[in-house]
Amino acid sequence: MTAPAPAPAPATPTVTPREHLLNRIQKDIPIVQRPYRVIAEEVGLTEQEALGILREVKAEGVLRQVSAIFDTRTLGYKSSLVAAEYDEDRLDAGAEVVNGHPGVSHNYKRNHSFNLWYTIAVPPESDLEAHVQKLHELSGARVTRLMPTLHLFKIGVEFDMTGKEDWNAKSRPQYTSEQRNVGYEVTDLDRAFVLEFQKDLPVTEEPYADACAALGLTIDELAAHAEKMKAAGALRRVSAVFRHQKAGFTFNAMGVWAVPQERVAEVGRQMAEFKAVSHCYLRPTYPEWPYTIFTMVHGRSKEEAFGKIAAIEQEVAPGIDHAILYSTKEYKKVRLEFYQPEFYGWAREHLGTEA
Numbered sequence: 612m613t614a615p616a617p618a619p620a621p622a623t624p625t626v627t628p629r630e631h632l633l634n635r636i637q638k639d640i641p642i643v644q645r646p647y648r649v650i651a652e653e654v655g656l657t658e659q660e661a662l663g664i665l666r667e668v669k670a671e672g673v674l675r676q677v678s679a680i681f682d683t684r685t686l687g688y689k690s691s692l693v694a695a696e697y698d699e700d701r702l703d704a705g706a707e708v709v710n711g712h713p714g715v716s717h718n719y720k721r722n723h724s725f726n727l728w729y730t731i732a733v734p735p736e737s738d739l740e741a742h743v744q745k746l747h748e749l750s751g752a753r754v755t756r757l758m759p760t761l762h763l764f765k766i767g768v769e770f771d772m773t774g775k776e777d778w779n780a781k782s783r784p785q786y787t788s789e790q791r792n793v794g795y796e797v798t799d800l801d802r803a804f805v806l807e808f809q810k811d812l813p814v815t816e817e818p819y820a821d822a823c824a825a826l827g828l829t830i831d832e833l834a835a836h837a838e839k840m841k842a843a844g845a846l847r848r849v850s851a852v853f854r855h856q857k858a859g860f861t862f863n864a865m866g867v868w869a870v871p872q873e874r875v876a877e878v879g880r881q882m883a884e885f886k887a888v889s890h891c892y893l894r895p896t897y898p899e900w901p902y903t904i905f906t907m908v909h910g911r912s913k914e915e916a917f918g919k920i921a922a923i924e925q926e927v928a929p930g931i932d933h934a935i936l937y938s939t940k941e942y943k944k945v946r947l948e949f950y951q952p953e954f955y956g957w958a959r960e961h962l963g964t965e966a
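Residue numbers (our numbering): 612 to 966.
Right, here's the structure in full:
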């Protein structure tokens with residue numbers, strides 16, 4: 612009797628050069644004279660084709676900016692996620708007060724008794740807790756809890772622009788706590804580099820030309836300094852940043868997990884390997900908050916985002932108590948800008964200090 616022929620392998624979804632390009636520029640953009648020529652060759656496009664696509668997605672509002680991503684802690688900044696509880700009729704007004712702080716970059720309403728979640732960063736000489744306490748008082752919060760990062764398992768937002776990746780696809784995290792150098796001494800050149808590279812770099816043949824001129828460096832010297840900052844953990848990468856909503860990722864879900872302390876290192880590393888996870892942190896617990904590990908995912912729908920959390924649960928965390936918090940309103944979302952005078956103005960007005 613002849614054995615039945617094996618079933619054909621499922622066809623691999625075709626990824627177009629455009630999709631490949633949009634995925635690729637989220638990973639890193641090399642600091643060379645003509646970086647888009649290098650990237651274009653990798654994905655099967657000409658330099659002009661690649662630039663044309665990027666200019667098009669920028670005009671559409673999908674591409675927010677091309678800039679460097681820095682590590683706040685290595686640069687000496689103090690930062691934290693903050694969870695706050697407001698009476699519902701005070702929430703919008705409270706959020707507006709929080710938005711007025713120049714160090715607040717993200718601020719969302721979420722489906723929880725802790726109904727406002729924001730991120731804040733302050734310079735090295737500042738007292739983070741004093742700033743958060745003042746926001747608590749000014750905004751009329753009932754309860755405010757600092758949720759600082761105790762361990763960074765992963766940070767790196769990369770959207771699958773193909774829509775073809777499995778929800779449980781894996782990759783090694785690009786940036787973790789192991790890349791940080793908390794004792795790094797920031798130089799004057801580092802500060803000047805940050806000020807130039809936190810700007811939106813132009814989508815042109817030579818996007819680093821202005822930075823070279825401003826810093827008085829050749830492109831090779833610029834690249835060498837960038838590598839020095841990367842080695843120290845101060846610079847993560849130069850890359851494209853997409854607007855979630857415009858890119859089709861209209862839903863975010865923050866999976867919070869009550870992983871026992873003796874298992875957080877193992878489970879955190881496993882969760883961070885999911886490509887769908889953009890952020891994975893160990894954070895403190897409180898009497899009313901038992902969750903140790905936070906994982907952020909994004910989806911084109913609620914079903915997709917929840918499906919990604921379910922994939923993590925099934926594979927890594929069966930039986931572990933968890934909750935899913937999702938944004939119901941976005942109050943603020945901007946890139947944190949370092950060394951800005953507005954911050955010191957806020958501190959003088961509300962805290963009576965320069966920091």
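For each residue, glycine too, the CB sits at the ideal point set by N, CA and C. As the structure is a prediction and not an experimental result, all values here were calculated from the model.
- Message: Are there any heavy atoms of the ligand SAM lying less than 7 Å away from the beta-carbon of Tyr-729, as far as the coordinates show?
- Response: For the structure depicted, the ligand SAM is absent and the ligand set is empty, with no information on it obtainable.
- Query: Less than 8 Å separating the beta-carbons of Glu-816 and Arg-645?
  - Reply: yes
- Could you tell me the distance, in whole angstroms, from the CA atom of Lys-810 to the CA atom of Trp-778? Their backbone Cα atoms lie some 33 Å apart in a straight line.
- Message: Just verifying my parser: in three-state terms, what is the DSSP assignment at Lys-841?
- Response: helix
- Item | Anticipated Cβ contact below 8 Å, Pro-735 with Arg-894, distance rounded | Not confirmed; about 22 Å, so no contact.
- Query: Got a sec? Which residues, its chain only, sit under 6 Å from Phe-725 by beta carbon, not counting five neighbours each side?
  - Reply: Ala-694 and Glu-696
- Which term fits Pro-929, buried or exposed, when burial requires 16 or more other beta carbons within 10 angstroms of its beta carbon? exposed
- Excluding the 5 residues preceding and the 5 following Gln-951 in the sequence, name in chain order all residues of the same chain whose CB lies nearer than 8 Å to its CB. Pro-713
- Message: Just verifying my parser: in three-state terms, what is the DSSP assignment at Leu-665?
- Response: Note: Leu-665 maps to helix in three-state DSSP.
- Query: For the putative contact between Gly-687 and Val-797, defined by C-beta atoms under 8 Å, what is the C-beta separation to the nearest angstrom?
  - Reply: 6 Å
- Closest to Val-668 by CA distance: which of Val-709, Gly-859 and Val-927 is it? Gly-859
- Query: Does DSSP put Glu-736 in a helix, a strand or coil?
  - Reply: coil
- Message: Quick test of your reading: Ser-782 and Thr-730, contact by CB under 8 Å. State the CB separation rounded to the nearest angstrom.
- Response: Going by Cβ atoms, the distance from Ser-782 to Thr-730 rounds to 24 Å, so no, they are not a contact pair.
- Query: Tyr-897 to Asp-703, Cα distance in whole Å?
  - Reply: 25 Å
- Provide the residue span of the alpha helix (DSSP H) that contains Gly-918, from first to last. In the DSSP assignment, Gly-918 falls within the alpha helix (DSSP H) that extends over 913 to 927.
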